[in-house]
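Student: In the UniProt record's numbering, the protein residues as written are 1 to 510.
Ideal placement from N, C-alpha and C gives every residue a C-beta, glycine not left out.
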Ligand code: NAD
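1. Given a cut-off of 8 Å, decide if residue 264 and residue 389 are closer than it, judged by their beta-carbon atoms.
2. If you draw a straight line from the alpha carbon of residue 144 to that of residue 461, how long is it in whole angstroms?
3. Taking buried to mean at least 16 other C-beta atoms within 10 Å of its own C-beta, is residue 116 buried or exposed?
4. Got a sec, what are the start and stop residues for the alpha helix (DSSP H) residue 23 sits in?
5. Report the residue from 72, 227, 218, 110 whose alpha carbon sits nearest the alpha carbon of residue 237.
6. In whole angstroms, what is the alpha-carbon distance linking residue 511 and residue 59?
7. When you compare each of 221, 148, 245 to residue 160 by their alpha carbons, which one comes out closest?
8. Between residue 119 and the ligand NAD, is there a pair consisting of the residue's CB and a ligand heavy atom that are separated by less than 7 Å?
9. With respect to 7 Å, is the separation between the Cβ of residue 246 and the closest non-hydrogen atom of the ligand NAD below this value?
10. Under a Cβ-count criterion, where at least 16 other Cβ atoms within 10 Å of its own Cβ denotes burial, should residue 493 be classed as buried or exposed?
11. Just mark residue 368 as buried or exposed, buried being the case when its beta carbon has 16 or more other beta carbons within 10 Å.
12. To test your reading of the DSSP string, which unbroken beta strand (DSSP E) runs of 3 or more residues are found completely within the stretch 312-350?
13. If you reduce the DSSP assignment to three classes, tell me which class residue 354 lands in.
14. Is it the case that the CB of residue 230 approaches a heavy atom of the ligand NAD more closely than 7 Å?
15. Which residues in the same chain as residue 377 place their Cβ atom closer than 8 Å to its Cβ, once the five residues preceding and following it in sequence are excluded?
16. Tell me the DSSP secondary structure of residue 137 in three-state form.
17. Please state the DSSP three-state secondary structure of residue 471.
18. What's the call for residue 7, buried or exposed, on a 16-neighbour Cβ count within 10 Å?
19. Is the stretch 86-94 in contact with the stretch 438-446, if contact means three or more CB pairs nearer than 8 Å?
20. Do three or more CB pairs link the stretch 127-141 to the stretch 80-88 at distances below 8 Å?
21. Answer yes if the stretch 103-116 comes into contact with the stretch 163-171, meaning at least three C-beta pairs across the two stretches below 8 Å, and no otherwise.
22. How would you write the range of the alpha helix (DSSP H) that residue 146 sits in, first residue to last?
23. Measure how close the beta-carbons of residue 348 and residue 302 come, nearest whole angstrom, since I'm counting them as under 8 Å.
24. Could you tell me if residue 475 is buried or exposed, where buried requires 16 or more neighbouring beta carbons within 10 angstroms of its beta carbon?
25. Quick check on the burial criterion: 16 or more other C-beta atoms within 10 angstroms. Buried or exposed for residue 246?
26. Could you say which of 243, 171, 435 lies nearest to residue 414 if we only look at CA atoms?
27. Less than 6 Å between C-beta atoms, sequence neighbours within five positions excluded: which residues of the same chain meet that for residue 104?
28. Go to residue 246, then tell me how far its alpha helix (DSSP H) extends in each direction, as first and last residue.
Below you can see the structure in the form of structure tokens.
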């Protein structure tokens, strides 16, 4: 059985500790075991990070950027094998697995521009002979705790920016699909980052809590489900750290009566069911405005959903593959039952789906509910599976209210040909990322990613210049140099020691 180890500089691991199973969701078999680390493992990683970080921070930003350029080349050269590994542990189809890695590389490309982005601010002559400048300094050691559903992209969101800014970074990836993060850390060393700058520690709650409590870790970035995000936020802040913690989602797609329904159906097929619905920017709730729109949409959706091909993740024709593990499959199917029990109309039932030759795989067929209402638990909570719910809204106001009042506020989309309606919607909806005729509005790497309400705790988004803000702290210097030294006339006589006392006078800015 393959064993997946930590990547800790100068340490090869302790084979006696706890381990977790890493499944192949296509076959339902355990394919590897991952070590589940302890606080002692974390201490080793922190010590290596402390040894490496000052030198890395002192390396000029252009040289740090060159490591990012090289890292990008190495990841691109390994794209096929990384995507296969990712797909075999997660279950998403190869095209999605490549997208997962490419979206992370987009952030690495942003990090290649770090010398420009990190340039400080300077005010010449803020007072008589006084200049003020602000610099963004690295925090020291940062940590990232990431979910199973984007094992390539989300680690790169975090470490790409953190490392380029001069920090050392310790990644605690999901224990369900840890192999790609391990390979990324190895490639970072190959790209020229000193050992200790990007390390990987595996584990579960024990390791997460050790990270949150560790006094030498200055900042923690978390992405996962909301209850854990809230725990991470509270405990990390209590320990005096900077914390950003992204949580779950329940994204709505509003369909106005004037929308192009064929386009909406094509978009929903990908956005609701792609990656088996295991995306925080999936679109699992569709809100047609008016019963005529709802009936027309439903009529077109049913055959489109029934035509979706569920297959092994290496099947190039498959729309989506299995969900991540047996427990998650059972949970999604339980939510479908809850929806039925609550009185929603199950129009297409994906339960009981079996793929011939892969009967033990964690496959679920696509499901469609109609007449879901806001009081239902299956509407309020995240299902995170291939299940689309229709919630009918009588008018535009009701449609804006649904996502705005929902506990989650990650992403939302509106489908319409009416620019005024779209503009009003974008301005008023209480959600962090909005798509207008774009079903999955994930911002590009040089903008930033973050939801509202229970989809994100903390106030700084992932990547882009927001990421740079998160991974750096500002130092502002107010400086005054003694008068008369410009022509050198007093420099050696009295411009030195006799004027040093001036430096202790608090300057006035008038
Ligand atoms: P998860 O919350 O189960 O796990 C996330 C991380 O937390 C993992 O590294 C895991 O080891 C750790 N963890 C698990 N239980 C813990 C505990 N009790 N205490 C401390 N740490 C713990 O999430 P997941 O199932 O891996 O990922 C799916 C979730 O992530 C969904 O809710 C999805 O919406 C969300 N997500 C959000 C975003 C976003 O940007 N908002 C992006 C991707 C995924």
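Tutor: By the coordinates alone:
1. no
2. 14 Å
3. exposed
4. Careful: residue 23 lies outside any alpha helix (DSSP H), inside the beta strand (DSSP E) at 19-24.
5. 218
6. The structure shown does not extend to residue 511, since the chain is modelled only from 1 to 510, so the question has no answer here.
7. 221
8. no
9. yes
10. Caution applies to residue 493, whose pLDDT of 48 falls short of 50 and renders its modelled position unreliable; the model cannot decide the point.
11. buried
12. 345-348
13. coil
14. no
15. 338, 342
16. strand
17. helix
18. buried
19. no
20. no
21. yes
22. Taken as a continuous stretch (DSSP letters only), residue 146 belongs to no alpha helix (DSSP H), as it is neither H nor E.
23. 6 Å
24. exposed
25. buried
26. 435
27. 152, 153, 156
28. That residue, residue 246, is in no alpha helix (DSSP H); its beta strand (DSSP E) goes 242-246.
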